[in-house]
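Each remark here refers to the structure printed beneath this line.
In the numbering used here, the protein residues as written are 238 to 377.
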């Protein structure tokens, strides 16, 4: 469990060095929806589609992970454990850290791309997120 927590901390620290590049956001403005639908990175993450009252479609590609951290300690190897000992042993906190890649779409074209980090995650962009990318890659 400590390895998982440490890995999550390292991941957040490394991604904290990355940044959102305006050139990557601007590249999506005016692009047809099909460019988003066939993009290899966005094909790999869940999308939530909603619609604003003015008819603007909002597509949120959620790139996230559950992060858990447990504190306390002790041992519960004895035959009987009181509630206070058990509570101390099993005190864990969980959260969902994500970069919400939010695309605003009108008349079949992207009008804006806004990445928003939640749950402690920080978003970053690279040229691989631009329309037209089709090569192999790895994302965090």
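By construction, the Cβ of each residue, glycine as well, lies at the ideal position given by its N, Cα and C atoms.
Between the Cα of residue i and those of the options, spot the shortest distance and give me the residue it belongs to.
{"i": "residue 335", "options": "269, 360 and 295", "result": "360"}
{"i": "residue 265", "options": "374, 363, 376 and 373", "result": "363"}
{"i": "residue 274", "options": "373, 367 and 374", "result": "367"}
{"i": "residue 286", "options": "339, 356 and 351", "result": "339"}
By a C-beta neighbour count over all protein chains shown, 10 Å radius and 16 as the cutoff for buried, is residue i buried or exposed?
{"i": "residue 358", "result": "buried"}
{"i": "residue 280", "result": "exposed"}
{"i": "residue 291", "result": "exposed"}
{"i": "residue 354", "result": "buried"}
Could you check the C-alpha separation between residue i and residue j for me, to the nearest Å?
{"i": "residue 365", "j": "residue 296", "result": "19 Å"}
{"i": "residue 277", "j": "residue 369", "result": "9 Å"}
{"i": "residue 376", "j": "residue 257", "result": "14 Å"}
{"i": "residue 301", "j": "residue 331", "result": "13 Å"}
{"i": "residue 261", "j": "residue 350", "result": "9 Å"}
{"i": "residue 271", "j": "residue 356", "result": "30 Å"}
{"i": "residue 288", "j": "residue 337", "result": "16 Å"}
Which complete alpha helix (DSSP H) runs does the segment 248-289 hold, if anything under 4 residues is left out?
259-263 and 270-274
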